[in-house]
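If you read the protein sequences in the order shown, they are chains A and B. One point on numbering: in this note's numbering, the residue at position 331 of the first sequence is 331, and numbering is uninterrupted. Adding 435 to a residue's 1-based position in the second sequence gives its number in this note's numbering. The block underneath contains the structure these notes are about, expressed in structure tokens.
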Amino acid sequence: MSRNAEKTKNSSWILAKKELKLLFKSKRRIFILGITPLMILLIGVIAVVSAGSFANNQTQPVNVWVINDSPSNYTSSLLTLYDSVEGTHLMNASQSYDQLINSSNFQIIVYFPSNFTTEVQNKTAAVVEITYNTNSSRYYNTAIQFRQLTAYFEQQLVQADNPGVVFNRVNTNLTRYEKPNSGISEELANTILIIPVYIVFFIVIPPISLIMISVTIEREEKTLETLFLQPVSRNSIIMGKILYGMLLILGILVMDIIAGVADYLLINRFIIQQSNGGQSLDINALMDTFFDLIGVDLVVYFLLSVAIIATMVVSLSVLLSLLAKDEREANLISSILPLLIFSIIFVVQFVDINAFSNVVQTILTILPVIGILVAFYLSLISGGLGTIAIISGVAQVVWTILIIFFAARLSESESILELTMEKVWREFIGSIFRR
Amino acid sequence: MNFITKNRLKLNIYIIINNLHVNTFDMAEPVVVIDKIQKIYDNGLEALKSISFSVNEGEIFGLIGVNGAGKTTLIRIITTMLNATSGSASIWGLDPAKEPERVRSIIGVLPQETGLYEEFSIRENLQFIAEMQGVPKEDIPNRVKDVCHIMDITDRLDDRTDQLSGGLKQRAMIARTLLGLPRILILDEPTTGLDVLVARRVRQTIKKLSKAMTIFIATHNMAEAFDLCDRVAIIKDGTILRVDTPQALMDEYATGDMVFEDVIADLLGIDQDREINISAMMEGLQ
Numbered sequence: 001m002s003r004n005a006e007k008t009k010n011s012s013w014i015l016a017k018k019e020l021k022l023l024f025k026s027k028r029r030i031f032i033l034g035i036t037p038l039m040i041l042l043i044g045v046i047a048v049v050s051a052g053s054f055a056n057n058q059t060q061p062v063n064v065w066v067i068n069d070s071p072s073n074y075t076s077s078l079l080t081l082y083d084s085v086e087g088t089h090l091m092n093a094s095q096s097y098d099q100l101i102n103s104s105n106f107q108i109i110v111y112f113p114s115n116f117t118t119e120v121q122n123k124t125a126a127v128v129e130i131t132y133n134t135n136s137s138r139y140y141n142t143a144i145q146f147r148q149l150t151a152y153f154e155q156q157l158v159q160a161d162n163p164g165v166v167f168n169r170v171n172t173n174l175t176r177y178e179k180p181n182s183g184i185s186e187e188l189a190n191t192i193l194i195i196p197v198y199i200v201f202f203i204v205i206p207p208i209s210l211i212m213i214s215v216t217i218e219r220e221e222k223t224l225e226t227l228f229l230q231p232v233s234r235n236s237i238i239m240g241k242i243l244y245g246m247l248l249i250l251g252i253l254v255m256d257i258i259a260g261v262a263d264y265l266l267i268n269r270f271i272i273q274q275s276n277g278g279q280s281l282d283i284n285a286l287m288d289t290f291f292d293l294i295g296v297d298l299v300v301y302f303l304l305s306v307a308i309i310a311t312m313v314v315s316l317s318v319l320l321s322l323l324a325k326d327e328r329e330a331n332l333i334s335s336i337l338p339l340l341i342f343s344i345i346f347v348v349q350f351v352d353i354n355a356f357s358n359v360v361q362t363i364l365t366i367l368p369v370i371g372i373l374v375a376f377y378l379s380l381i382s383g384g385l386g387t388i389a390i391i392s393g394v395a396q397v398v399w400t401i402l403i404i405f406f407a408a409r410l411s412e413s414e415s416i417l418e419l420t421m422e423k424v425w426r427e428f429i430g431s432i433f434r435r
Numbered sequence: 436m437n438f439i440t441k442n443r444l445k446l447n448i449y450i451i452i453n454n455l456h457v458n459t460f461d462m463a464e465p466v467v468v469i470d471k472i473q474k475i476y477d478n479g480l481e482a483l484k485s486i487s488f489s490v491n492e493g494e495i496f497g498l499i500g501v502n503g504a505g506k507t508t509l510i511r512i513i514t515t516m517l518n519a520t521s522g523s524a525s526i527w528g529l530d531p532a533k534e535p536e537r538v539r540s541i542i543g544v545l546p547q548e549t550g551l552y553e554e555f556s557i558r559e560n561l562q563f564i565a566e567m568q569g570v571p572k573e574d575i576p577n578r579v580k581d582v583c584h585i586m587d588i589t590d591r592l593d594d595r596t597d598q599l600s601g602g603l604k605q606r607a608m609i610a611r612t613l614l615g616l617p618r619i620l621i622l623d624e625p626t627t628g629l630d631v632l633v634a635r636r637v638r639q640t641i642k643k644l645s646k647a648m649t650i651f652i653a654t655h656n657m658a659e660a661f662d663l664c665d666r667v668a669i670i671k672d673g674t675i676l677r678v679d680t681p682q683a684l685m686d687e688y689a690t691g692d693m694v695f696e697d698v699i700a701d702l703l704g705i706d707q708d709r710e711i712n713i714s715a716m717m718e719g720l721q
């Protein structure tokens, strides 16, 4: 008997494309998709509007020790510029540079070597040494501003002597100081931990409800049965939903980046340039300092972690949506999930995890989603990637694979079209032991 | 061989479009074989009790029974949505339990309930399913046009599905089942909930489609089964009572002015059950 029975190829991609097309048919879903970039834009606008009040809120000034071994008009001009930075307090150091470094008791040191003035006069490269302590993010922010002002000073100097000619005249040697054999302080680690928390909040959380709705609507409109009746495997339908979730996250990421750039342009134009004599924020310097502060390995680890968290949350949403009876239940779960994640993040922020034993720390780091944030936090404090970070990374990958596997298994359940939680759970447990 | 079969199906579709009443089948070869299928659900309910029958190529085969008789369970086993507890099924030589995707690629299924994306137009719904069916991209526009022509919905192609009447939705659903040029069309209660005229139109289309493919209908509408089916299987409480042509059943059981519905009701014992229930109720009232 003749036959021409074939499985359809690329069905996951076809399904993901259909989901995206459906997404743009509903204003409500478009709004959910666009809410985070709008929030980011709003934050930028609020920052610009309330810029004046921010400036007045600087209470504790940053103490800057000045060691000037080459006093001249040049150094005093430069110090005047440094002094113009709000929230800084310049003081002449009574100790030598080495003594200050050894004591670790400083915030920022500005050091003009004895040859500084001669080098400037000879029009060769002079170097001002700026060393900041990694205790607080405020110190490196101030150090970056000093570097920008040095560049501004050099520009003025060069322009005054040789209009139109650019050459190396005054350089800043920015040095990061941290206590030997240790990472950054817990205060700074907590501050930096806000970055992944915000990324989870702005990029990973928003699509949860959209992903969950995409499955429950199929069940409610009876299209899930239609999907399962196509010549494609149920696994590829689950993969199609996960692919759709990942595309949503990618879309939100792109929109958030655009909103972030818009924020930067706004803040740069209305806050930084106005308070900095027309000078823009030196993004390259800021990035250099950031990479220098936490280390390239941790940055790469963090980026990989975000990708893993995104995949895991998307897979978890698909899994939970298979369990949700209708859209109301899906919305309920999708509002509980972020609450759960954030309550645990709250614990990470305010409980002294560093004081826990290694065993407890390891258990915390292998927890799904938040485990990687705990590992990131501990790595920041210990000053690099350790065994605990690697264990956490592997655990997160294993969790993700398990969740995808569970979702695929659940989709094979006979009750998937007319399910109750108990029925699916019973079949699911049964299917694990049967096979 | 694949090329020839696929093109024969295309040819048949064109025969339907042009209303050429030519049957290209050599009837008799069984394409659906159900062999001692039993289905027991997890809660212990035995929905099917070792049933056997076969459906020949090119025929319209009806599965008749009251609600809860096991029709939908059997359809779900044939369409790979459920696995049988014991026994075997063969769809065009393929085992639904072992090769579900391949079975689904040669059948077109009309589920009992509407399953269209309400926010899509009919065209978008059909295009998506055509893609899922593996129809080559360049063939999709023409395939959509053809099936819509068969179901006479061409002028409503770009209307949003949630703005359509129940009859139009049902025709769009049948159009959807044809997109993959199925060998076997499985229709679960195709006219339930439709008004009389729309149901008549759907039945006419099913008759036309039978020139191109084998059709398996589950229904509790006896008149429809008599009008459409070459053969019927009568199912009660998970057991097949009889498989025969409607006319043979009429010849054997009809007395006086009995119509097909009365014959089937007799066979299923519906009237007897009802009389016993009414008597019991009356006694209770007294």
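No residue lacks a Cβ here, since even glycine has one placed at the ideal position from N, Cα and C.
- prompt: What residues in the segment 550-582 of chain B have a beta carbon less than 8 angstroms from any beta carbon of chain A?
  reply: Hits within the stretch, in order: G550, L551, Y552, E553, E554, F555, E559, F563, I564, E566, M567, Q568, G569.
- prompt: Which value, in whole angstroms, describes the spacing of the CA atoms of A:A506 and A:L410?
  reply: A query on residue 506 of chain A cannot be resolved here, the shown segment of chain A reaching from 1 to 435 and no further.
message: Out of A:L322, A:G383, A:G34, A:I370, which one is the CA nearest neighbour of A:L293?
response: Of A:L322, A:G383, A:G34, A:I370, the residue nearest in Cα terms is A:G383.
- request: May I ask you to list, following chain order, the residues of the segment 208-235 of chain A that have a beta carbon less than 7 angstroms from some beta carbon of chain B?
  value: For the segment 208-235 of chain A, the set of positions with a beta-carbon nearer than 7 angstroms to some beta-carbon of chain B reads E221, K222, T223, E225, T226, F228, L229, Q230, P231, V232, S233 in chain order.
- prompt: Would a check of beta-carbon distances place B:H456 closer than 9 angstroms to chain A?
  reply: Low confidence applies here, because B:H456 scores a pLDDT of 43, under 50, leaving its location unreliable; read the following figure in that light. No, because no Cβ of chain A sits closer than 9 angstroms to the Cβ of B:H456.
task: For B:T674, write down the residues that DSSP places opposite it in a beta bridge.
output: BP columns for B:T674 point to B:K671.
task: State the DSSP-derived secondary structure class of A:N10, mapped to helix, strand or coil.
output: Residue state, collapsed to three classes: coil.
task: Quick one: measure Cβ to Cβ for A:A189 and A:I381, integer angstroms, because I've assumed they're closer than 8 angstroms.
output: Taking 8 angstroms as the upper bound for CB-CB distance, A:A189 and A:I381 are in contact here, some 5 angstroms apart.
query: Cβ of A:I18 less than 9 angstroms from any chain B Cβ?
result: Before going further, note that residue 18 of chain A is Lys rather than Ile in the sequence given. Yes, because at least one Cβ of chain B sits closer than 9 angstroms to the Cβ of A:K18.
task: Note down the Cα distance separating B:D686 from B:I650, rounded to an integer number of angstroms.
output: The alpha-carbon atoms of B:D686 and B:I650 are separated by roughly 24 angstroms.
query: Candidates A:V314, A:N73, A:F146, A:S114: which alpha carbon is nearest A:L250's?
result: Out of A:V314, A:N73, A:F146, A:S114, A:V314 has the C-alpha closest to the C-alpha of A:L250.
- request: Consult DSSP for B:P465 and reduce its assignment to one of helix, strand or coil.
  value: In the structure shown, B:P465 falls within a strand segment according to DSSP collapsed to helix, strand and coil.
Nonlocal neighbours in the same chain, by C-beta distance under 8 angstroms from A:W13, ignoring five residues either side: If we look at A:W13 and ignore the five residues flanking it on each side, its Cβ neighbours are G240, L243.
message: Counting only Cβ pairs nearer than 8 angstroms, list the residues of chain B close to A:K7.
response: Here the neighbours are E536, R537, S540, G569.
Nearest candidate by alpha-carbon position, reference A:L364, set A:S392, A:S379, A:V85: For A:L364, the nearest C-alpha among the options comes from A:S392.
message: Taking the straight line between their C-alpha atoms, what separation do you get for B:H655 and A:L253?
response: About 53 angstroms.
Under 9 angstroms between C-beta atoms of A:N268 and A:L281: The Cβ atoms of A:N268 and A:L281 lie closer than 9 angstroms to each other.
query: Cβ of B:G615 less than 9 angstroms from any chain A Cβ?
result: B:G615 has a beta carbon lying within less than 9 angstroms of a beta carbon in chain A.
B:L416 at chain A interface by Cβ criterion, 9 angstroms: What the structure shows of chain B is the stretch from 436 to 721, and residue 416 of chain B is not part of that stretch, so it cannot be assessed.
- request: Counting only runs of 3+ residues fully inside the segment 497-557 of chain B, write out the beta strand (DSSP E) ranges in chain order.
  value: Counting only runs of 3 or more, we get 521-526, 542-545.
message: Give me the chain B residues within the contact set of A:S26, using Cβ-Cβ distance strictly less than 8 angstroms, ordered along the chain.
response: The contact set of A:S26 on chain B, defined by CB atoms closer than 8 angstroms, consists of E554 in chain order.
task: Give the DSSP bridge partners of A:H89, in chain order.
output: A:H89 is bridged to A:N63.
- prompt: Does the separation of the CB atoms of A:A47 and A:L266 fall below 9 angstroms?
  reply: Yes, these two residues count as a Cβ contact at 9 angstroms.
- prompt: Are any of the Cβ atoms in chain B nearer than 9 angstroms to that of A:K21?
  reply: Contact with chain B is found for A:K21, since one of that chain's Cβ atoms lies less than 9 angstroms from the residue's Cβ.
message: Suppose only complete runs of 4+ residues qualify. What are the alpha helix (DSSP H) ranges in the segment 304-351 of chain A, listed by chain order?
response: Listed in chain order, they are 327-350.
message: Just checking: is the beta-carbon of B:E548 within a distance shorter than 9 angstroms of some beta-carbon in chain A?
response: By this cut-off, B:E548 is an interface position.
- request: Assign B:K533 to buried or exposed, taking buried as 16 or more other Cβ atoms, counted over all protein chains shown, within 10 Å of its Cβ.
  value: Result: exposed.
field: Alpha carbon of B:M516 to alpha carbon of A:T400, nearest angstrom
entry: C-alpha separation (whole angstroms): 27 angstroms.
- request: Check the Cβ-Cβ distances between B:V694 and every residue of chain A, and say whether any is below 9 angstroms.
  value: Not an interface residue.
query: My guess is that A:V476 and A:M312 are in contact by the Cβ rule of under 8 angstroms, so how many angstroms apart are they, rounded?
result: Only positions 1 to 435 of chain A appear in the structure, and residue 476 of chain A is not among them; the question remains open.
- prompt: From the beta carbon of B:M462, is the nearest beta carbon of chain A less than 9 angstroms away?
  reply: Residue placement at B:M462 is flagged as unreliable, the pLDDT there being 49, under the threshold of 50; a coordinate-derived value is accordingly withheld.
task: Can you have a look at A:I372 and say buried or exposed, based on whether 16 or more other CB atoms are within 10 angstroms of its CB?
output: Buried, by the Cβ-count rule.
message: Under 9 angstroms, CB to CB, which of the residues in the segment 501-523 of chain B have a partner in chain A?
response: Hits within the stretch, in order: R511, T514, T515, M516, L517, N518.
task: Report the rounded CA-to-CA distance for B:H456 versus B:Q568, giving the unit in angstroms.
output: Only weak support is given to the placement of B:H456: the predicted model assigns it a pLDDT of 43, under 50, and the value that follows is read from those uncertain coordinates. A direct Cα-to-Cα measurement between B:H456 and B:Q568 gives close to 27 angstroms.
message: Is the separation between the beta-carbon of A:Y74 and that of A:F116 shorter than 9 angstroms?
response: A:F116 sits close to A:Y74, with the two beta carbons spaced by under 9 angstroms.
- prompt: Beta carbon of B:S489, beta carbon of B:I469: below 9 angstroms?
  reply: Inclusion of B:S489 and B:I469 in the CB contact set at 9 angstroms is warranted, their separation being smaller than that value.
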